[in-house]
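Structure first, then comments.
Protein chains: 2
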Amino acid sequence: MRRERVTITDVARKAGVSKVTVSYVINGREGKVRISEETRRRIWEAIRELGYRPNAVARALTQQRTHTIGVVMQYAAIFGGWSGFILELLHGASHEAIEKQYDLMMYTGAHGNDAEHEANAVMDGRIDGALLLRDIDDPLSDILADSGFPHVLIFTRARRPDVYYVDCDNVKGGYLATKHLLDLGHRTIVHLRGSSHSAPALDRWHGYVQAMREAGIEPEEGWVIEMPGPLSDAAPLVEIMRSPNRPTAIFAWSDDVAIRAMQVLHEMGLRIPEDVAVIGYDSTEVCNHTDPPLTSVRQPIYEMAREGVKTLVRLIEGERPRRVARVFEPTLDVRRSCGAS
Amino acid sequence: MRRERVTITDVARKAGVSKVTVSYVINGREGKVRISEETRRRIWEAIRELGYRPNAVARALTQQRTHTIGVVMQYAAIFGGWSGFILELLHGASHEAIEKQYDLMMYTGAHGNDAEHEANAVMDGRIDGALLLRDIDDPLSDILADSGFPHVLIFTRARRPDVYYVDCDNVKGGYLATKHLLDLGHRTIVHLRGSSHSAPALDRWHGYVQAMREAGIEPEEGWVIEMPGPLSDAAPLVEIMRSPNRPTAIFAWSDDVAIRAMQVLHEMGLRIPEDVAVIGYDSTEVCNHTDPPLTSVRQPIYEMAREGVKTLVRLIEGERPRRVARVFEPTLDVRRSCGAS
DNA sequence: AGTGAGCCATTAACCGGTAAATCAATTTCA
DNA sequence: TGAAATTGATTTACCGGTTAATGGCTCACT
Chain A
15 MRRERVTITD
25 VARKAGVSKV
35 TVSYVINGRE
45 GKVRISEETR
55 RRIWEAIREL
65 GYRPNAVARA
75 LTQQRTHTIG
85 VVMQYAAIFG
95 GWSGFILELL
105 HGASHEAIEK
115 QYDLMMYTGA
125 HGNDAEHEAN
135 AVMDGRIDGA
145 LLLRDIDDPL
155 SDILADSGFP
165 HVLIFTRARR
175 PDVYYVDCDN
185 VKGGYLATKH
195 LLDLGHRTIV
205 HLRGSSHSAP
215 ALDRWHGYVQ
225 AMREAGIEPE
235 EGWVIEMPGP
245 LSDAAPLVEI
255 MRSPNRPTAI
265 FAWSDDVAIR
275 AMQVLHEMGL
285 RIPEDVAVIG
295 YDSTEVCNHT
305 DPPLTSVRQP
315 IYEMAREGVK
325 TLVRLIEGER
335 PRRVARVFEP
345 TLDVRRSCGA
355 S
Chain B
15 MRRERVTITD
25 VARKAGVSKV
35 TVSYVINGRE
45 GKVRISEETR
55 RRIWEAIREL
65 GYRPNAVARA
75 LTQQRTHTIG
85 VVMQYAAIFG
95 GWSGFILELL
105 HGASHEAIEK
115 QYDLMMYTGA
125 HGNDAEHEAN
135 AVMDGRIDGA
145 LLLRDIDDPL
155 SDILADSGFP
165 HVLIFTRARR
175 PDVYYVDCDN
185 VKGGYLATKH
195 LLDLGHRTIV
205 HLRGSSHSAP
215 ALDRWHGYVQ
225 AMREAGIEPE
235 EGWVIEMPGP
245 LSDAAPLVEI
255 MRSPNRPTAI
265 FAWSDDVAIR
275 AMQVLHEMGL
285 RIPEDVAVIG
295 YDSTEVCNHT
305 DPPLTSVRQP
315 IYEMAREGVK
325 TLVRLIEGER
335 PRRVARVFEP
345 TLDVRRSCGA
355 S
């Protein structure tokens, strides 16, 4: 039984009052406007009888608020990046959103391919603010910042001093991973690097280089292989693992890629960790279940996402938190893929 | 530089025309209304100079369309259920949404605890339709159906003939898993069942019972243990695995629970599959990485989610597809946790 | 009897767009 | 030459709410 949409005017008519009165009763503006008990009763009754459901779009139009926040990923990430990482991120974001009484919207970015179009979509009024998971060289944040649109960057740093962001020290994370391998005696260490547009990927690489140099080792040409995702070409990795002075350890920029590397090594007949040590990044749930369990650098993804949403909500509600940058510390989750205790 | 919001009226004023003319130019209503080249030019120039961004909320109010679809999970699922299953589901849903030019909204359900409140939130005008991932006895779909609100159930069946749904044959899935174990010679098979509110969980259980009876075995009291999630109490499982006539196989209603069971067995010193065979459900990515790799019943989650969104979009756009029920077939992904080939 | 205060509700205006109907000025055609 | 058609825009009304200003009525007080 498809009913016609019931509006506040219908309720008003039925209750024999003006629609403003109905609005007041629904929103209970204590202290400002008084409505008699009798009228209230009649209005609630009309609401119930008619099955009235307030329209959030109309309300949003007057209040300029939707109580919805957007999660905006890089377009490519929506297609390729559905990993444990995204899962934990969404988990954290949605928890905090629930707590703060906001709904979550996932922008697909399908509205256009250039930044201006995307910015139009993000600022089209359907969300009060956005959590941005984007590449380092992405112009979207700049446009939003120019328009004063509340947003927080996550898993990257901002290029401007007035843009809030939540990041994890990736240089340190890369350093940590590499140092762990060095401490275990490895000297020839391959780094499987992420995309050159990704700030985290580049930082982890820098951490790797830093640790290597500190140990007096200059990473050779060929030790650093770009492998953004598990579906990336693994040929260069296979090649170097076949070379005479085969590397004894691999530091992958993400768990996904580490797992892919483990598969490749397995197919080549190499044992982990006896022949090659492997270390990943993110320490997602899957690390506990791989064979052997994957040692990995942990960043508190869930916590970071919550923090991002928390800051975003503050911005939306007009606060201006003093701390613009929130940088978490990575730690090492030692499991068995490196042969350590 | 926080600019004031630029509206269509500002653009009209700047271009020296009425706002309706601007609206026509933006939406390019070919054939209906003619606007001169000169006027068009002036309007686009004004739009560019002022940095005008159309307001989707205002547009939604007149058109009664937002080009957004909602994903509504059971409240509990948002807190506990962030598994590989949800990931694949969101992956599929978002792909199809992108293709159809819709954005995705995740309702947190925080707006109220009873079904009426949730229904109010879902039908508050922010989304054109909803994909429901809910328990079998959940009243939300009924309310939506009564109001003629477009929605599709996924991973459950509908109780009414007019409600569209996408499901996978869970009885068959349960049968398949159990039959596999029976064929391998097992006779004492434990079933770790999901929540009694979950249609899939109950069906898989029925499939299990059916297969057992077909093999002439009446499942004993205690062989069926309710274990909805990986954090559920595992004590009953431990107990039965310690009993004199220890079961030789476990069929878990989900991969998560199967993995938990493997951990428990491991801690008890039991080997998989030598001492106990384990089989899971969903065949999510993680099954490839467990030790040993987990044999599991596969349902095409990604495809099903796409199908759900596809149907939903049709409903939203006024079509009435003939096929109300879309039931996929489960298959078996044999890996190594059951000792089969 | 006039004034002020308190109570309860209403009217007017606005949020930012869109659809339908209308209109003025030309041009076309019988 | 006058009616009809075409062109290019405008006016009016509406979507479903909210906020601010205003208005009647009753009662108490002086």
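Protein chains in written order, with my numbering: chain A, 15 to 355; chain B, 15 to 355.
The beta-carbon is built from N, C-alpha and C at its ideal position, and this holds for glycine as well.
Keep in mind it's a predicted model, so treat the numbers as computed, not measured.
State the CB to CB distance for the pair A/I286 and A/S351, rounded to an integer number of angstroms; the pair is presumed to be in contact (CB under 8 Å).
Within the first sequence, the letter at position 272 stands for residue 286 of chain A. Within the first sequence, the letter at position 337 stands for residue 351 of chain A. Yes, they are in contact, since the Cβ atoms of A/I286 and A/S351 sit about 6 Å apart, within 8 Å.
Please report the Cβ distance between A/T309 and A/R349, rounded to the nearest whole angstrom; I am assuming they are in contact, meaning their Cβ atoms lie under 8 Å.
Translated into the one-based positions of the first sequence, residue 309 of chain A becomes position 295. Translated into the one-based positions of the first sequence, residue 349 of chain A becomes position 335. About 5 Å separates the two Cβ atoms, so the contact holds.
When the cut-off is 7 Å and only beta carbons count, does A/R27 lie next to chain B?
Counting from one through the first sequence, the residue named residue 27 of chain A turns up at place 13. No, its Cβ sits nowhere closer than 7 Å to a Cβ of chain B.
Exposed or buried, B/S268, counting other C-beta atoms within 10 Å across all chains shown (16 or more means buried)?
Position 254 of the second sequence, counted from the start, is the residue given in the question as residue 268 of chain B. Per the 10 Å Cβ criterion, buried.
How far does the beta strand (DSSP E) with A/S310 in it extend, from its first residue to its last?
The residue given as residue 310 of chain A occupies position 296 in the first sequence. Counting along the chain, the beta strand (DSSP E) containing A/S310 begins and ends at 309 to 312.
So, is the C-beta of A/D138 closer than 7 Å to a C-beta in chain B?
Along the first sequence, read from residue 1 onward, the residue named residue 138 of chain A stands at position 124. It does: the Cβ of A/D138 has a partner Cβ on chain B nearer than 7 Å.
Can you tell me whether B/M15 is buried or exposed, with buried defined as 16 or more other CB within 10 angstroms of its CB?
Locating residue 15 of chain B in the second sequence gives position 1, counting from the first residue. Any reading at B/M15 must be qualified, since the residue scores a pLDDT of 45, below 50, and its modelled position is unreliable; the value itself is stated next. It is exposed - the Cβ of B/M15 has fewer than 16 other Cβ atoms within 10 Å.
Could you tell me whether the Cβ of A/M119 comes closer than 7 Å to any Cβ of chain B?
Translated into positions along the first sequence, residue 119 of chain A becomes position 105. So yes, A/M119 belongs to the interface.
Which value, in whole angstroms, describes the spacing of the CA atoms of A/I61 and A/V20?
Taking the first sequence and counting its residues from 1, the one referred to as residue 61 of chain A is at position 47. Taking the first sequence and counting its residues from 1, the one referred to as residue 20 of chain A is at position 6. Approximately 9 Å, taken between the alpha carbons.
Start and end of the alpha helix (DSSP H) containing B/E113?
Taking the first residue of the second sequence as 1, we reach residue 113 of chain B at position 99. That run of the alpha helix (DSSP H) goes 98 to 113.
Under 7 Å between beta-carbons, which chain A residues line up against B/R67? List them in chain order, please.
Numbered from 1 along the second sequence, position 53 holds the residue referred to as residue 67 of chain B. N134, M137, D138, listed in chain order.
Would you grab the beta carbon distance between A/V292 and A/A275 for me? Rounded to a whole angstrom, and I think it's under 8 Å.
Position 278 of the first sequence, counted from the start, is the residue given in the question as residue 292 of chain A. Position 261 of the first sequence, counted from the start, is the residue given in the question as residue 275 of chain A. The Cβ separation is near 6 Å, so the contact holds.
Quick one: residues in its chain with C-beta nearer than 8 Å to the C-beta of A/T82, no 5 flanking neighbours on either side, listed in chain order?
Stepping through the first sequence from its first residue, residue 82 of chain A is reached at position 68. The residues are Y116, D117, L118, M119, R140, I141, D142.
Say whether chain B places a C-beta atom closer than 7 Å to the C-beta of A/I23.
What you label residue 23 of chain A is simply residue 9 of the first sequence in a count that begins at 1. Strictly speaking, residue 23 of chain A in this sequence is Thr, with Ile absent from that position. Not one chain B Cβ lies under 7 Å of A/T23.
In chain A, which residues lie less than 7 Å from B/A74 when you measure between Cβ atoms?
What you label residue 74 of chain B is simply residue 60 of the second sequence in a count that begins at 1. In chain order: V71.
Can you find a CB in chain B that lies within less than 7 Å of the CB of A/L145?
Start at 1 with the first residue of the first sequence, and residue 145 of chain A comes out as number 131. Chain B, which has no Cβ nearer than 7 Å to the Cβ of A/L145, makes this no.
Could you check if B/K412 is buried or exposed, using at least 16 other CB atoms within 10 Å of its CB as the buried criterion?
Shown here, chain B extends from 15 to 355; a query on residue 412 of chain B therefore has no answer.
With 7 Å as the threshold, decide whether the Cβ of B/L101 is near any Cβ in chain A.
Within the second sequence, residue 101 of chain B is the residue found at index 87, counting from 1. Taking Cβ atoms only, chain A reaches closer than 7 Å to B/L101, which makes this a yes.
Of all Cβ atoms in chain A, is any one closer than 7 Å to the Cβ of B/A107?
Along the second sequence, read from residue 1 onward, the residue named residue 107 of chain B stands at position 93. No, B/A107 lies away from the interface with chain A (no Cβ there is under 7 Å from its Cβ).
Between the Cα of B/T76 and those of B/R55, B/S37, B/V278, B/M87, spot the shortest distance and give me the residue it belongs to.
Within the second sequence, numbered from 1, the residue matching residue 76 of chain B stands at position 62. It is B/S37 whose Cα lies nearest to the Cα of B/T76.
Mapping the DSSP letters down to three states, classify A/M15 as helix, strand or coil.
Residue mapping note: residue 15 of chain A aligns to position 1 of the first sequence, counting from 1. Bear in mind that the predicted position of A/M15 carries a pLDDT of just 45, short of 50, making it too unreliable to give a figure here.
With 7 Å set as the bound, which would you pick, yes or no: does the beta-carbon of B/W96 sit closer than that to a beta-carbon of chain A?
The residue you call residue 96 of chain B lines up with position 82 of the second sequence. B/W96 counts as touching chain A.
Kindly list, in the order they appear in chain A, the residues whose Cβ is closer than 9 Å to that of B/I273.
The sequence position of residue 273 of chain B within the second sequence is 259, counting from 1. Within 9 Å Cβ-Cβ: N302, H303.
Per the DSSP calculation, B/F342 is bridged to which residue(s)?
Counting from 1 along the second sequence, the entry for residue 342 of chain B is found at position 328. Looking at the DSSP assignment, B/F342 forms a beta bridge with B/C182.
What's the C-alpha gap between A/A26 and A/G65?
Taking the first sequence and counting its residues from 1, one reaches residue 26 of chain A at position 12. Taking the first sequence and counting its residues from 1, one reaches residue 65 of chain A at position 51. Near 13 Å, if we compare the C-alpha coordinates of A/G65 and A/A26.
What distance in whole Å lies between the Cβ atoms of A/A249 and A/Y295, which are believed to be in contact at a cut-off of 8 Å?
For this step, residue 295 of chain A is matched to residue 281 along the first sequence. For this step, residue 249 of chain A is matched to residue 235 along the first sequence. With a Cβ gap of about 22 Å, A/Y295 and A/A249 do not count as contacting.
Here's a check: name, in chain order, each residue in its chain whose Cβ is nearer than 7 Å to the Cβ of A/T304, leaving out the five neighbours to either side.
Here residue 304 of chain A refers to the residue found at position 290 when the first sequence is read from its first residue. I273, M276.
Look at the alpha carbon of A/I168 and the alpha carbon of A/V323, and state the distance between them as a whole number of angstroms.
Counting from one through the first sequence, the residue named residue 168 of chain A turns up at place 154. Counting from one through the first sequence, the residue named residue 323 of chain A turns up at place 309. Taking the straight line from one Cα to the other gives about 10 Å.
Report yes or no: is there a C-beta of chain B within less than 7 Å of the C-beta of A/C352?
Here residue 352 of chain A refers to the residue found at position 338 when the first sequence is read from its first residue. No - not a single Cβ of chain B is within 7 Å of the one on A/C352.
Could you tell me which chain A residues have their CB closer than 8 Å to the CB of B/T309, listed as they occur along the chain?
Walking along the second sequence from the start, residue 309 of chain B turns up at place 295. In chain order: nothing, as chain A lies at least about 14 Å away.
In angstroms with no decimal places, state the Cα-to-Cα distance between A/R148 and B/L146.
Working through the first sequence from its first residue, we reach residue 148 of chain A at position 134. Working through the second sequence from its first residue, we reach residue 146 of chain B at position 132. Distance between the alpha carbons of A/R148 and B/L146 is about 29 Å.
Go to B/D176, then tell me how far its alpha helix (DSSP H) extends in each direction, as first and last residue.
Working through the second sequence from its first residue, we reach residue 176 of chain B at position 162. Careful: B/D176 lies outside any alpha helix (DSSP H) and carries neither H nor E.
If the criterion is Cβ atoms closer than 7 Å, does the pair A/G188 and A/R218 meet it?
Within the first sequence, numbered from 1, the residue matching residue 188 of chain A stands at position 174. Within the first sequence, numbered from 1, the residue matching residue 218 of chain A stands at position 204. Yes, they are a contact pair.
How many Å lie between A/S50 and B/K33 at the Cα?
Indexing the first sequence from 1 puts residue 50 of chain A at position 36. Indexing the second sequence from 1 puts residue 33 of chain B at position 19. So the alpha carbons of these two residues sit roughly 42 Å apart.
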